[in-house]
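Structure first, then comments.
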Amino acid sequence: MECREERPADEQAPTPLERGLLHIWQSVGSCAQVCPERVFLSRPVLQTALGEHHGLLLTQGGLVYSFGELLWRDLSVPVSDPVLEASLLGRMVVRVAAGGFHCGALSEQGNVYVWGENTAGQCGLTERGIAANITVSEPCPLTVVDSDVVPPAAVRVVNLAFGREHSLALSAQNELWAWGSGCQLGLVTNTFPVWRPQKVEHLSGRHVIQVACGAYHSLALVRSLPPQNYNTQKPSEKRERGQSPHYTVTEKEEPFVVDGGHYCPLGVELTEVMTSETSPRRRGPRRRLQPGGRSAGSSPASVASEDGKSNTKQYSIMKNLPAGTKLEPDDPLTQTDGSPKSQPLPGCRSNKKSAFPDEMELQSLLQKLSCHSLEMHHTSGPGDTDSLSSYTSDDSCVSSTPSTDLLTSSYKEDFPIKSQSNNNSGLAVPYSSSPVCLEDVRLCLEAEEQALKGKKSSSLTNINQRGNTAANRRRSLPGTPTRGSPRRRRPCACKPSSAGRTQAAAPEEADDGLPSLDTEVWSWGRGSEGQLGHGDQLARLQPLCIKPLTGEEVIQVAAGSHHSLALTAHCQVYSWGSNMCGQLGHVNSPVTVPQQTKLSDGLRVWDVSAGQSHSLLLADGDCVQPVLLYCGQRQEPMSAQSERSNPNQRSCQRSPNRAESYTVRPTLLPFCMEMGYASSVCSGGQNCTVLVDQNVMGFISAIHEMASRERQFYCWLNSVRKLLLTPLRNRESSCPSLGEPCTHLFFSLCESFVRLSTLIGRHSTSLTYFQHDVQGRDVTSLPLLMQTEHFLDSYKEYCSSVGNFQVMGGFQSLRKLSLECLDSQQTVLAQLCVSDQSVGGDADLVSLLYRPLQQLHQYSRVLLKLAACYDVLTAEYQSLHQGFSQYESLSLSLLRRKKEAETTLLFWKTHSGKTTEVLRLPQRRVVCESSNRSLTLQNAGRFSNHWFMLFNDVLVHTQGAIPSQSLFSTHHVYPLTCLWVKPVTEDSSSLYAIKITCPEESFTVVASTPQEKNKWLRSINQAVDQVLGGGGQGSSPGVMGMSRTASYTFTGEGRFKDAKYTGGWLAGRVHGRGTMKWPDGQMYSGNFKNGLEDGYGECIIPNKTLNKPDIYQGHWREGKIHGFGKYKYASGEVYEGCFSDGQRHGYGMLSSGKMAKKSSSVFIGHWVHDKKTGYGVYDDITRGEKYMGVWLDEQRHGSAVVVTQHGVYYEGTFRDNKMSGPGLLVSDDDTALHGEFSDDWTVNGKGVLSLANGDCLEGQFSGEWTAGLKVVGTYTKPVVDEPESKDRSSVLRLGQYVVPAGQRWVCVFDECWSRLGCDAPGRGERAAAWENIAVTITTARRHSPDLSKSQTKVLECLEFIPQHGEPVTTANYDNIRRYLIKACETPLHPLGWLVETLVTVYRMTYVGVGSNCRLLRQAVQEVQAYLTHFYCIVRFLFPGLPDDGGIIPDPPASPAGRHNSDTAEQASVMVVSCSSLLLPLLLPRLYPPLFTLYCLQEEREEAQYWERILRINKQPDQSLLNFLGVQEKFWPVWMSILGERKQIVSTSKDACFVSAVETLQQISTTFTPSDKLLVIQKTFEELTQEVKPLLHGDFLWCMDDLLPLFLYVVFRARIRNLGAEVNLIEDLMDPNVQHGELGMMFTTLKACYIQIQREPTT
């Protein structure tokens, strides 16, 4: 089918010659002859992937192209005309991968598509294919499913890596999945192929960053686990102290002991039974697809048995063969990696001499040759047996290391093999193709374990490289993660870019958005060439950490066919594995462990790739443009004759002839300078590709310059840390010589240097990843712009640490220490300081450590370059220009700090002495000083000497000073945070004076000249501005910083002596919010004003006697407690109420607390000058008495009521805290005594005693009520039917001695008036009152962050001042009512506080002991008094309201809307009373105690009523109606039950007038009389509705008909406490409705209640 390439509509049309240019060439051939081929495509190339003989191209828009030998389609496509993968159109591919002979693509949604050879299952069991498919011709989706979760879920993949017979996928959860065949999968299985992706459980819980696949091995870059016990050392510091692969291990946390039970070097469990026999299985021939010798069948990893089934048990380590049994060369059990092992012939001995026997000779040769074209020609000669290659049946370029066979030579000392040398035979003795026998494998394992235990240097690898600490070893043991390896589900940093590309190598970003450098490299698979890096040639079935690379900050890994590469953050490349063609870039031995590639000076590698037998590096050179480095095979492609001589051998498996040339170190490819700016390299097979960007408007060069300079900077930082700081710190730790302060400062300097270095390393790594994908990234996402604060803070911290160390003179001592410790490395230090023109020794160190500050200017310069590439109106320009400004400003600021540190050091050197040493601090910098007498104290004595020193934090004034000798007698230190300065106006005396104000004193200084005055003014203002967090410019001298926040400790006499204050200041006085702490534990936190506590605050005052503090929370004024607050005493008492001048004054409640020793009591009432005076309620909980009356000076004095828990009621007068004078005492059984009292409960004088039965005793009484009374008088028994004497009833009347209701709780209402800003009730400005309300609400919202949403919404509504000045009409009356409802919902509003307080005092009075039925009248009167006072306040706020009982009219209507009917005029009248407006706000909150009193009052009547209700309700409906005299015409005939009509019969019960009965029952659920009257009204309406169908036509109720019928409803309603309900309504109902319709209905209900009470009991 024809596939037409179309450009997406939303895609910008980039110029094809600008971005993503592709160049490709063959790796073989000399550098001078290589000519890269330019591939021309209509879209920029984002990524390339190369296989053995094919490749993939990913272009902008997510299009995928293929080229090369597409064997699965029998096609050969030239690279100049790649074919579009049409089936992937619309998939938005963001990543491609190429294996040996199969391909993969990854979509933006994380879906995987694979195609190509599938003989080993490397394409998996796709959704379109079956397991039998040996090829997948078209891209097919492959689903990665996590079956460990319930239900199983698809896994989102973010990266792919393919080998020859296996495939790996990295998920968004940073977990690894594998499928295919071979031990390189890392799976715990012995069944191959693996058709469906399975999780690599060995890395489960670890954070995998990147994966790479070789031919038959795998690499993974993994984030290290947090150290378990690492003390305070950084991993990089530990590495510098002896754990580098090239550094001797001198420090270990614990002995290095390898327990064989932990893990096997092979990564599998060893079995002790190895002697049984089994028949060897042979591998069937691979199916060939081409006559060119390339087979598409299974590889050695997939073994076909005779019956055609797959056999995969080749990695059993031949445990069932007898020792010494020789296997056939093509037996799959020959090698753990499927390749036959090369072994010397029994009759010959290998020569161990390398190709370069003398190291000095090698060095001299390298110096003679060019660093870019150095080549080595290995020729076969007599005795040169080490250069012989080991040929394999399936692997390429297996072993050409300059040593004998590793398995033989490594263990030669343990089990020597007798052989003869054949060095002089003139013939090259080839390695035998015979495989290694089982005994050799067993001996190999035993020898390695023995070598590990003994740490013998004859092991496969340097013992120093394997002798890492046990702690590090445990961190990477298979299956034993340190902390349980919790799986970290973090979003992957590989986000799809706008251009449709994902950066595969970019590690997961840490919390601050930068890549982590704490990484490890894990490897597994075949290791015949040492490509696993574990120091041997053994295979690993499961991932194992490469210990030498731990802590080396690896940021990228790459895998060739049989070699591996690792790139570090400091631009070094480690390589290991096959070096037959020089692809490792070095000739170091052994090649089984990572070794550094030999790079020329000045080259910094930032991208690596590995092919079949070569490596390609991308590096920074002397210029900004990157350079390409190549290491590997250098011969021309094989001739056709050689190809014909090996028709059955793959070209990718050819081993070079001994005579071919290869590079010893990476060689520069000269053509790279003509290409442009390379962004990434790729290698595969024998091909190399590079993606290039053209420098358009300087943008690409600016990006490369930024990244290149940052990498260079990090390498320099790493060198300084490694060569200078770490040795000096180790020396100082073991033998301190800098002195205690300088030692701590030096350690702090080292720590800040390490933190800065780590930040720069992570930043340079991030920029490297940015370079790989410049097209797909937004420039505003640069870390310099995203993490600006992090960078600025790190540089500031580092500059401060260097300056502090310099100020204290640390560099002089450090210079001596460096000469002792680094004598042999002084030339290296000189190279690090080569750009600085310093001469002195310590100056070299100073300039060296200040050098990182220069990088800030580089940041700003490059950001400005980038900004020039954008229009000034774009967001990119704004972001870049802002970043430029920030970094340039910081650069200049830090240079000033450097200058200040140098000036300060010179000052201390000039004025050195014991007295000045007291003032010398690391953070302190000198600004100016008056040793030249430029400033002196005003009115100073003639012979007095004053020396002023201005530092960046304090102003020092010394007296008796001799600056030249650095001597002074006394000195005063004034912190700049609490110093105010202003110029004094010049007067006639021509004094150039400056006034300095401090918290505890003020003084005036005089300058010698106007210039000196201006200099000191400017310097002090700048220093103050800087110490307060400003820019230090000091503009507006004299007035700046008047209001500030600072800390200060008072020293002078006074209330604040020795107190430390932190908070606001104003012109030298504490002002605003702050905290004051005294040494004795006293603390105040709150508002200050003019140096004193003023406003709301919290205070803690310690009580040493009780060992507990007093705590006050409330308002203050002028340093004293004033206003409303809560005081918790150390004794346990709690007072909540009003204060005045530090004393309790006004309304307040004092509770003794639960821990009171004497008695538990509560007083609530009026206080005057800290004493109970006025009306109050005292509840003596211990005695069970409650006093409600007047107090005077803490004593009961005046009219009062006392009730006890035994039901005794007393009202009378008190004097001197006891009952004195006339009083009335009523006992629980209604016995009443009216007489003269002389003491509590003691009668002495005339009196009248009335008994419950009506008998009366009148005369002289004496004695105590509870002990017995003596009576001299007349006993009178009333005559039957004799009317009661009016005199006697008046004497025994309740309420004659109580305090009038209007005089109670006046203090509560006074406090409310005070909160409104009124001195007395009704006296004040109405506008000021509303402003006080608004300010109170706003302040409460600001200081109460824990408010709920509903509370916040209410406060927001109350912040708005309503219309209060206009006349009140029926239209806006509801607005007033709604405002009052909201105001009463929150105690933060004055009206809400009033309601809440009234409820509190009411409950304190009438709950508990106060629940006495004789208090009912007082309780009702108190509610009515509340309404009266409350209404006065409301009328003050809303003056348009009429008087109580007044009328408000309708708003004036338009003429068209007026009605002239009398009905309309009457309906427009609205009567407003305090009860109708305010009772709904108060009564629901007061209802429980009030209704309880009503119930107690009607207790006897209620009992009679309820007994009759129960008895009469036993009758059926018709019988009851007949009994009550209801006419039969009103009797219902039908009833409705669930919508079904049923006839009412004589036995029916509770079936008549059901709706009316249910309505009347709701009277118990309402609170206010108005609501209860509405219930009664609805009951009548329901009753009328039920009667209407029984009658014809209209009718009017008459009382004779209505009363019996309503009486029936009352009976059936069965309302408890109906008498209490009736009395409450009658007492509190609005007088305006008393004589209307509602009043008549209420009278009917009351009549029914009375009628029920009068029903006969029988």
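Mapping of the sequence shown onto this note's numbering: residues 20 to 1677, in sequence order. Ideal Cβ placement from N, Cα and C applies to all residues, glycine included. Bear in mind that the values here come from a model prediction, so they are computed numbers and not experimental data.
{"Check": "Nearest-angstrom Cα separation, counted from L586 out to N193", "Outcome": "20 Å"}
{"Check": "V1552, buried or exposed, once every other Cβ within 10 Å from all chains shown has been counted against 16", "Outcome": "exposed"}
{"Check": "Span of the alpha helix (DSSP H) around M1618", "Outcome": "1618–1632"}
{"Check": "Inter-stretch contact (C-beta, 8 Å, three-pair minimum) for the stretch 1657–1671 and the stretch 1615–1631", "Outcome": "yes"}
{"Check": "Beta-carbon proximity check, V1576 vs L1624, cutoff 8 Å", "Outcome": "no"}
{"Check": "CB-CB length for V83 against L89, believed under 8 Å", "Outcome": "About 13 Å separates the two Cβ atoms, so there is no contact after all."}
{"Check": "Inter-stretch contact at 8 Å, needing at least 3 Cβ pairs: the stretch 1281–1296 / the stretch 1113–1125", "Outcome": "no"}
{"Check": "Ranges of the alpha helix (DSSP H) found wholly within the stretch 1486–1537, counting only runs of at least 4", "Outcome": "1493–1516, 1518–1531"}
{"Check": "Selection from G1082, A1086, P567 that minimises the alpha carbon distance to K1014", "Outcome": "A1086"}
{"Check": "Inter-residue spacing [alpha-carbon to alpha-carbon] between S846 and E571", "Outcome": "One point to set straight first is that residue 846 is Thr, not Ser, in the sequence displayed. When rounded, the distance between both Cα atoms is 25 Å."}
{"Check": "For N1651 and L1657, the rounded distance between their alpha carbons", "Outcome": "10 Å"}
{"Check": "Segment contact flag, the stretch 617–635 with the stretch 564–583, C-beta cutoff 8 Å, min 3 pairs", "Outcome": "yes"}
{"Check": "Own chain, CB closer than 7 Å to H1253, minus 5 neighbours either side, in chain order", "Outcome": "L1243, G1266, V1267, V1310, L1311"}
{"Check": "Helix, strand or coil at T1447 [DSSP, three-state]", "Outcome": "helix"}
{"Check": "Best match in G717, S800, N209, C202 for proximity to H782 [C-alpha to C-alpha]", "Outcome": "S800"}
{"Check": "Exposure of E1441, with buried meaning 16 or more beta-carbon neighbours within 10 Å", "Outcome": "buried"}
{"Check": "Collapsed DSSP secondary structure at K1568 in the structure displayed", "Outcome": "coil"}
{"Check": "Three-state secondary structure (DSSP) of S406", "Outcome": "Here the model assigns S406 a pLDDT of 33, short of 50, so the residue's position is not dependable, and the following value carries that caveat. S406 falls in the coil class under three-state DSSP."}
{"Check": "C-alpha gap between S186 and A117, whole angstroms", "Outcome": "10 Å"}
{"Check": "E948 to C1017 span [Cα, whole Å]", "Outcome": "19 Å"}
{"Check": "Q614, DSSP secondary structure in three states", "Outcome": "strand"}
{"Check": "The stretch 1180–1188 in contact with the stretch 1335–1347 per 3-pair CB rule at 8 Å", "Outcome": "no"}
{"Check": "Rounded separation between Y906 and T784 - CA only", "Outcome": "20 Å"}
{"Check": "Contact between the stretch 1501–1513 and the stretch 1421–1439 (3+ Cβ pairs under 8 Å)", "Outcome": "yes"}
{"Check": "Coil, strand or helix - V798 by DSSP", "Outcome": "helix"}
{"Check": "Given E1112 as reference, the closest of T1124, G1083, H226, R1334 once Cα atoms are compared", "Outcome": "G1083"}
{"Check": "Touch test, the stretch 933–952 against the stretch 963–981, Cβ-Cβ under 8 Å, three pairs minimum", "Outcome": "yes"}
{"Check": "Limits of the unbroken beta strand (DSSP E) element including S699", "Outcome": "696–703"}
{"Check": "Rounded separation between Q614 and V592 - CA only", "Outcome": "8 Å"}
{"Check": "Residue environment, R559, which counts as buried when at least 16 other CB atoms sit within 10 Å", "Outcome": "buried"}
{"Check": "Same chain, Cβ closer than 7 Å to L909, five either side skipped, listed in chain order", "Outcome": "L811, Y814, L875"}
{"Check": "Under 8 Å between C-beta atoms of S1589 and S1492", "Outcome": "no"}
{"Check": "Cβ pair I153, V98 closer than 8 Å", "Outcome": "no"}
{"Check": "DSSP state of Q232 mapped onto helix, strand, coil", "Outcome": "In the sequence under discussion, the amino acid at residue 232 is Cys, which differs from the Gln named in the question. Looking at C232 - three-state DSSP - the assignment turns out to be strand."}
{"Check": "Candidates I1634, V683, E220, G199, of which the one nearest T210 by Cα", "Outcome": "G199"}
{"Check": "Span separating the alpha-carbon of A1320 from that of Y1445", "Outcome": "9 Å"}
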